[in-house]
Structure formats: structure tokens, C-alpha cells
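What follows is a set of notes on a single structure, which appears directly below.
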Amino acid sequence: MVIQETFEVATRGRGTHDLTREIQQRVAASGIRTGIAQLFVHHTSASLMLCENADPDVRADLERFMSRLVPDGDPLFAHDAEGPDDMPAHVRTLLTDSSLSLPISGGRCALGTWQGIYLWEHRTRGHRRRLTLTLIGE
Amino acid sequence: MVIQETFEVATRGRGTHDLTREIQQRVAASGIRTGIAQLFVHHTSASLMLCENADPDVRADLERFMSRLVPDGDPLFAHDAEGPDDMPAHVRTLLTDSSLSLPISGGRCALGTWQGIYLWEHRTRGHRRRLTLTLIGE
Amino acid sequence: MVIQETFEVATRGRGTHDLTREIQQRVAASGIRTGIAQLFVHHTSASLMLCENADPDVRADLERFMSRLVPDGDPLFAHDAEGPDDMPAHVRTLLTDSSLSLPISGGRCALGTWQGIYLWEHRTRGHRRRLTLTLIGE
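Chains as they are written, first to last, in numbering that gives the first Met the number 0: chain A, 0 to 137; chain B, 0 to 137; chain C, 0 to 137.
So, in C-alpha cells, the structure goes:
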């Protein structure tokens, strides 16, 4: 059994967007009880991550860590066609994930207690981001 | 054909734990000859990696690299509820993988000669870590 | 339906190799219309990435970023059996991906407009790199 859905998320600039509830609802509605969920983002300047879901400081700390590791406007970068956050957005995407692969058990994504699913916008301005969820199982 | 198993691994504090043999045995026992294996860890402070399996210095070097890149007790981090290794464990997990997706060929994970499957505990103290292996194929 | 193919790519030393056309041709030829494509590289010193496909400066910038983050010959590393680029190649592989998981829609990998599939050779000398493409769907 293969179920595939494409949808969009409007981001509000750099930062994280919690997708956990939406993904769980889509998995539950699919009728698949056991299998694999693949979530994919069709962009190279926004990415996906699993992250601690209880303390918002964790996501703020991840943002600070990434901003220090990959500074906007770094003179190392030649590619700045869309501004000082252009190339850092590509590097951040590379260091995180364009695709999450999750187990489906009992008709839902079998996340750990503290795992949430987040879309991470790396550009300073908001964008519409397209995602595809593909579910395979029985 | 979908096979799914959940199991636990007890870690002994920060460092790597070789899962190659256990995963290969589970894949062989499943009866699936060709397909995809997904290994998932249900935590945000331990992760999975494929790594060179011959020289233990490689894993020691990875540990040193991560300790330098993401120092314990870094004042950058606000989230330190569980100690100086708390937030670094989340960052290390982000930079590595919560999920490995591997090909199954001839009834086993088709790893390269030098590829081993490792669980990487990022907290300084040992934990019980829950993993789910999902196999899809024929 | 499960289709699996193994093939080799000859790299010409450190740098990226565009696999997009080859992967799309293999997916189209498989007859699978909707599902999941898993591309896997059987090595720990070369990796896979999705990357912006329009401006070659982006890949040059990624190379410069990685060379700065993980310098060849870094005295931090004990493992240098194959030279100053040996251990950095393992770290770069860890920080990027050994496996890409992509949606198949309408008989092709549903990449975003600016997403290309690249093999990244991390050793300074060229190698023959083995890859396995596994397609599951209907």
C-alpha cells in the first residue's frame, strides 16, 4: 500500500515550524498501520529535523549554534545572489536533512516521547515550502 | 512484506556501540531478500551512523571532532536542564542521523566492506535507548 | 514492486559529480509510478547530497566550507593511514549523507526545481564508488 500527499507550509522567516500534529493526522488518515513514512522538502534552503519538543530553548539554541557555525555574509562564500543568508541557507540544509524517514507503528509515526517533527526555514524571509509525504506499508 | 521490530540497547555513556551484527541477524531472520531497511532511534540525544569499521581510531577521532565542534558547557546554550552535555547531545544528534536507510540485497544489509552500523550515545552517562527496525521488500 | 540496481561511478578526486540525470533515467525505466527511491553509497569517504543545481558557485562554496570546518591534516586526528585527507573524508561523510531517500511521483524522483542529486568525493584522489538504487512502489 502506497499513499502520497503533497502540501505546502508558509514559513514566517528563519526559524522552526512544528509539523508533528499535521504529519500524525495524515498518517492516521492513510489507514497504514505498519510501515515507513518519508517526509521530503522540495527546497535547498529549508530542511527537516527531529528535535526535542518540550523546551523551546532547545530550538533557539540550535538556531544560535547554526548562526555561529555558518555566519550570514561570510566572505568565504561567492554565491550571494539572494543576499547574505542565501549561501548559509544551503549549508544549513546540507548539515541537517531534506528528508526524514520514520517508522509507522499502530497507525502513527512511532516517535519517541521527546521527538517532534520540525520544518526549519533557513532564509530570513518567509517562503511557501512544498513537502511530500510518502507512506508505504500495510 | 513488512517486518518491524523494536528493541533496546543499553549504552555505557558517551561513545559508540556497534550494532552491525545485530542488525544483520535481524535482517537475515526476516526472510526479506531485496528491499529497504530503516533503523530508527527514538531519542534526541543519541544517534546512528555508518562508520569505518576497521580502525577504532576513526571513531575516537569523530568523538574528538564533535567535542571540539560542540563543546560541553558552551555558554552559547540556554538549555542545560540535565547538565553541560544536555544541549551538545541534541546538536550532535542533529548533525548526525536519527534514522539510517539501507538497501537489503541477498537477504542482508548491503553494506560496503568498511561500513559498520553504530549507535552513538551523546550523553556522558549511559542510557537505555529504544530502536525500531522496519524492513520492507520481498 | 521492488527494483534494485547497483552501479559504479568513477570520480576524479575531491568534488561533486552530478547524478541527477542517471537516477531519473533509472527511475523512469523501472516502471514504478509512485513510491520511494533510496540511493546508497557503499563507502565511508564519499557521500550523497541534494544541492542547488543552477549556480556551480554553490558547490564550490560548500567545498570551501567543508575544507575550513574539517581541515586536511588536522593534528586532532590520529587516523591518517591513507594521508591527510583520510580522516577528513570520514568526517565529511558523517556530516552529509550515505543515503538519500526521495519520493517517486509520476514515474520520476519528485525533486524541487533547484534540487540536484550529487555524489561528493571527499578523497583528494579519484576512486570508483559503488552505489545501490532501491525503488519501492507501484
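The beta-carbon is built from N, C-alpha and C at its ideal position, and this holds for glycine as well.
8 Å is my cut-off, CB to CB: does residue i come that close to chain C?
i, result
"Arg-67 of chain B", "yes"
"Leu-94 of chain A", "yes"
"Leu-132 of chain B", "no"
"Gln-24 of chain A", "no"
"Glu-21 of chain B", "no"
Less than 8 Å separating the beta-carbons of residue i and residue j?
i, j, result
"Arg-107 of chain C", "Gln-23 of chain C", "yes"
"Thr-10 of chain C", "Glu-120 of chain C", "yes"
"Thr-131 of chain A", "His-41 of chain A", "yes"
"Ser-97 of chain B", "Ser-46 of chain B", "yes"
"His-126 of chain C", "Val-57 of chain B", "no"
"Ile-2 of chain B", "Leu-110 of chain B", "no"
"Arg-25 of chain C", "Glu-4 of chain C", "yes"
"Leu-94 of chain C", "Leu-94 of chain B", "yes"
Provide the residue(s) that pair with residue i in DSSP beta bridges, ordered along the chain.
i, result
"Met-65 of chain C", "DSSP output for Met-65 of chain C lists no bridge partner at all."
"Val-8 of chain C", "C:Arg-128"
"Arg-107 of chain B", "B:Ser-104"
"Glu-120 of chain C", "C:Gly-14 and C:Ala-45"
"Glu-81 of chain B", "Answer by DSSP bridge pairing: none, since Glu-81 of chain B is not bridged."
"Asp-96 of chain A", "A:Leu-47"
I want to verify the contact list: residues of chain B whose CB lies under 7 Å from the CB of residue i, in sequence order.
i, result
"Val-90 of chain C", "Leu-61 and Phe-64"
Name, please, each residue of chain C whose Cβ falls closer than 7 Å to the Cβ of residue i.
i, result
"Gln-3 of chain A", "Thr-33, Pro-102 and Ser-104"
"His-121 of chain A", "Residues of chain C passing the Cβ test: none, with the nearest at roughly 12 Å."
"Glu-51 of chain B", "Thr-43 and His-89"
Using the beta-carbon of each residue, which ones in chain B are nearer than 9 Å to residue i?
i, result
"Ser-29 of chain C", "Near Ser-29 of chain C there are no residues of chain B at all, since even the closest Cβ is about 13 Å away, more than 9 Å."
"Gln-114 of chain C", "Result: empty, since nearest Cβ-Cβ is about 18 Å, beyond 9 Å."
Note down, in chain order, every chain A residue with its Cβ under 8 Å from the Cβ of residue i.
i, result
"Met-86 of chain B", "Val-57 and Asp-60"
"Arg-129 of chain B", "Gly-111"
Taking all protein chains shown into account, do 16 or more other C-beta atoms lie within 10 angstroms of the C-beta of residue i, making it buried, or fewer, making it exposed?
i, result
"Phe-64 of chain B", "buried"
"Pro-70 of chain C", "exposed"
"Glu-51 of chain B", "buried"
"Gly-72 of chain B", "exposed"
"Ala-36 of chain C", "buried"
"Met-0 of chain C", "exposed"
"Thr-92 of chain B", "buried"
"Phe-39 of chain A", "buried"
Looking at the C-beta of residue i, does it have a partner C-beta in chain A at a distance below 8 Å?
i, result
"Glu-81 of chain C", "no"
"Gly-14 of chain C", "no"
"Ala-109 of chain C", "yes"
"Leu-99 of chain C", "yes"
Is residue i close to chain B, meaning its C-beta is less than 8 Å from at least one C-beta of that chain?
i, result
"Asp-54 of chain A", "yes"
For residue i, which residues in chain B fall below 8 Å Cβ to Cβ?
i, result
"Ala-77 of chain C", "Asp-56, Ala-59 and Asp-60"
Identify the contact partners of residue i in chain A, using a Cβ-Cβ distance below 9 Å as the criterion.
i, result
"Phe-6 of chain B", "Simply none; closest approach about 12 Å."
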